[in-house]
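Undergrad: Below is the structure I would like to discuss, written out as structure tokens.
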Amino acid sequence: MPYLSDRRGGGRGARGRAPAGAERSRGQSLKPGLRGEVSGRMTTLTRQDLNFGQVVADVLCEFLEVAVHLILYVREVYPVGIFQKRKKYNVPVQMSCHPELNQYIQDTLHCVKPLLEKNDVEKVVVVILDKEHRPVEKFVFEITQPPLLSISSDSLLSHVEQLLRAFILKISVCDAVLDHNPPGCTFTVLVHTREAATRNMEKIQVIKDFPWILADEQDVHMHDPRLIPLKTMTSDILKMQLYVEERAHKSS
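The working numbering numbers the first residue of the sequence shown as 233 and each following residue consecutively.
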């Protein structure tokens, strides 16, 4: 079930959109949140054991924050001057410096995190919209978390970091396989949840004071889009696939 963040920002103030305008900026990245240590030996856990769901959610939220910033930079949704080079996953990335934009991204992921902890998220989608707020591109992160996990410190940290690094590298060069976007684009974030997550979304809106609404057809549909697979990963703690849906005629 797709949900759209409905926090009104600055600039043009389109519903559920991140702040628009020529001057935007960057912010702090979320901390990985890998509290405590995991034994180096292989251990079998269920999702309810310890705080493992929280650890996976922390890893995903940190990655998604970096990915969203990089997508906005590579696809030129915001001026390149508001981005600064940083290092994440041992590779250079571009992160925004605009406080309002950064707050929107962080607030969005802060609300997604409880759903990730409960394995209620099917997809997180970064939607780039034209001036008429019609989707021109959708960066789709499909997420699957196995209920039974065999993990070690190596698989949790080193191996997963290498896999996520590969995603970042793919995003950084994705403009080579995508057409240019029209000027004046904005973006929003869609979260596709499992049916059982509806009540959780309602609770999160109250607790986090960050409104979400059911996405309407205009927000989620593109007629006959081109599908571009970018990257797939499989690890002991999660499976993730990234692909782009691109509108055939972006100028129309």
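All residues carry an ideal CB built from backbone N, CA and C; glycine is no exception. Since the structure is predicted, the reported quantities are computational estimates derived from the model, not experimental observations.
When DSSP builds the beta bridges, which residues end up paired with residue 376?
TA: BP columns for residue 376 point to 471.
Undergrad: Taking Cβ positions, are residue 377 and residue 288 nearer each other than 8 angstroms?
TA: Going by C-beta atoms, residue 377 is nearer than 8 angstroms to residue 288.
Undergrad: Measure the CB-CB distance between residue 357 and residue 298 and report whether it falls below 8 angstroms.
TA: Not in contact: residue 357 and residue 298 (Cβ atoms no closer than 8 angstroms).
Undergrad: Is the beta carbon of residue 459 closer than 8 angstroms to that of residue 417?
TA: In this structure, residue 459 does not lie closer than 8 angstroms to residue 417 by Cβ.
Undergrad: Who are the Cβ neighbours of residue 471 in its own chain at under 6 angstroms, not counting the five residues just before and after it?
TA: 376, listed in sequence order.
Undergrad: Could you name the residues of the same chain whose beta carbon sits closer than 8 angstroms to that of residue 413, not counting the 5 residues immediately before and after it, in chain order?
TA: Excluding residues within five positions, the ones whose Cβ falls inside 8 angstroms are 307, 308, 309, 360, 362, 368, 369 and 482.
Undergrad: Can you give me the C-alpha to C-alpha distance between residue 468 and residue 286, rounded to a whole angstrom?
TA: C-alpha separation (whole angstroms): 15 angstroms.
Undergrad: Can you tell me the Cα-Cα spacing of residue 366 and residue 477, whole angstroms?
TA: Straight-line Cα distance between these residues: approximately 13 angstroms.
Undergrad: Compute the beta-carbon to beta-carbon distance between residue 404 and residue 302, rounded to the nearest angstrom, for a pair I have assumed lies under 8 angstroms.
TA: Confirmed, about 6 angstroms.
Undergrad: Please check the pair residue 419 and residue 347, which I expect to be a contact at CB under 8 angstroms, by giving their CB distance rounded to whole angstroms.
TA: Not confirmed; about 20 angstroms, so no contact.
Undergrad: Identify, in the order they occur along the chain, each residue of the same chain with its Cβ nearer than 7 angstroms to the Cβ of residue 426, setting aside the five sequence neighbours on each side.
TA: Hits under 7 angstroms: 352 and 354.
Undergrad: Around the Cβ of residue 177, are there at least 16 other Cβ atoms within 10 angstroms (buried) or fewer (exposed)?
TA: Nothing can be reported for residue 177: it is not among the residues displayed for the chain, which extend from 233 to 484.
Undergrad: Output the distance between the C-alpha atoms of residue 464 and residue 325, rounded to the nearest integer angstrom.
TA: Spanning the two alpha carbons is a distance of roughly 20 angstroms.
Undergrad: Taking just the CA atoms, how far does residue 479 sit from residue 455?
TA: The alpha-carbon atoms of residue 455 and residue 479 are separated by roughly 7 angstroms.
Undergrad: Closest to residue 411 by CA distance: which of 316, 391 and 457 is it?
TA: It is 457.
Undergrad: Thinking C-alpha only, which one of 341, 364, 295 and 340 is nearest residue 415?
TA: Checked all of 341, 364, 295 and 340; the closest Cα to residue 415 is 364.
Undergrad: Can you confirm whether residue 359, when its beta carbon is compared against all beta carbons of chain D, has any partner nearer than 8 angstroms?
TA: Absent here is chain D; the protein component of the structure consists of one chain.
Undergrad: Could you have a look at residue 479 and say whether DSSP puts it in helix, strand or coil?
TA: If DSSP states are grouped into helix, strand and coil, residue 479 belongs with coil.
Undergrad: Kindly list the residues whose CB is nearer than 6 angstroms to the CB of residue 315, restricted to its own chain and excluding five residues on each side of it in sequence; keep chain order.
TA: So the qualifying residues of the chain are 305, 326 and 328.
Undergrad: Could you pull the start and end residues of the alpha helix (DSSP H) that residue 363 belongs to?
TA: Unbroken run through residue 363: none, as it is neither H nor E.
Undergrad: To the nearest angstrom, report how far apart residue 373 and residue 344 are at their CA atoms.
TA: If you take the alpha carbons of residue 373 and residue 344, they lie about 13 angstroms apart.
Undergrad: Note the first and the last residue of the continuous beta strand (DSSP E) segment covering residue 288.
TA: From DSSP, residue 288 is part of no beta strand (DSSP E) but of the alpha helix (DSSP H) over 284-306.
Undergrad: Might you give, ordered along the chain, the residues of its own chain that have their beta carbon closer than 7 angstroms to the beta carbon of residue 341, omitting 5 neighbours on each side?
TA: Only 262, 293, 296 and 297 meet the Cβ criterion.
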